Amino acid sequence: MSELGVELPEVAKPVAAYVPTVVTGNYVYTSGQLPFKDGKLPASGKVGETEGLVDPAEAQKLAKLSALNGLAAIKEAIGNLDKITKIVKVVVFVSSDPAFTGQPLVANGASEFLFEVFGEVGKHARSAVGVATLPLDAPVEVELIVEFAE
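Residue 1209 in the working numbering is what sits at position 74 of the sequence shown, and the numbering runs on without skipping anything.
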């Protein structure tokens, strides 16, 4: 990933009673990953297109950051991202203003990043879900399910 100019961050510490990942068989399931950067949320609040809300383009970048944090958690769980054979499913939650319907475009931040990093292996099923609020007032949260080889 360093060839893409991207470095994996430290794995975020859980903010409640859960673990960052669960490995079962040849699958890793991540807990929801918030867009932490250097231990802080770079933005907070609902996503929407009016003043005072998180701009959708910014939210798209935050979805990418959340996916990156998910990859860091996966690497910690399996030791090496080169073991990934398939990004199976991505779920992107978007804390949305009631009038906002662009959740799929926000989710593209995570999806396009995974395509760029993994190529064919990165093509995945996805859900983009608008929600009323997220932990710590984060604008986005991303979950990943990946398959890996030993």
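Just so you know, even glycine gets a beta-carbon here, dropped at the ideal spot from N, CA and C.
These figures come from a predicted structure and were not determined experimentally.
Quiz prompt | Nearest neighbour of residue 1303, chosen from 1148, 1277, 1175 [CA to CA] | solution = In the structure as shown, the chain begins at 1136 and stops at 1285. Residue 1303 is therefore absent and cannot be evaluated.
Self-check item: Rounded straight-line distance, which links the Cα of residue 1204 to that of residue 1144
Solution: As a first step, residue 1144 is located in the sequence shown; it is residue number 9 there, counting from the start. As a first step, residue 1204 is located in the sequence shown; it is residue number 69 there, counting from the start. Computed Cα separation, rounded: 7 angstroms.
Quiz item: What separation, rounded to the nearest whole angstrom, lies between the Cα atoms of residue 1246 and residue 1224?
Solution: Taking the sequence shown and counting its residues from 1, one reaches residue 1246 at position 111. Taking the sequence shown and counting its residues from 1, one reaches residue 1224 at position 89. Going by the C-alpha atoms only, they are around 10 angstroms apart.
Quiz item: Hey, residue 1283 and residue 1181: beta-carbon distance below 8 angstroms or not?
Solution: As a first step, residue 1283 is located in the sequence shown; it is residue number 148 there, counting from the start. As a first step, residue 1181 is located in the sequence shown; it is residue number 46 there, counting from the start. It is not a contact, given that the beta carbons lie outside the stated cut-off.
Quiz item: Relative to the C-alpha of residue 1253, which residue among 1222, 1161, 1275, 1268 is closest?
Solution: Within the sequence shown, numbered from 1, the residue matching residue 1253 stands at position 118. It is 1222.
Self-check item: Test: residue 1276 CB closer than 8 angstroms to a CB of chain D
Solution: No chain D is part of this structure, which consists of one protein chain only.
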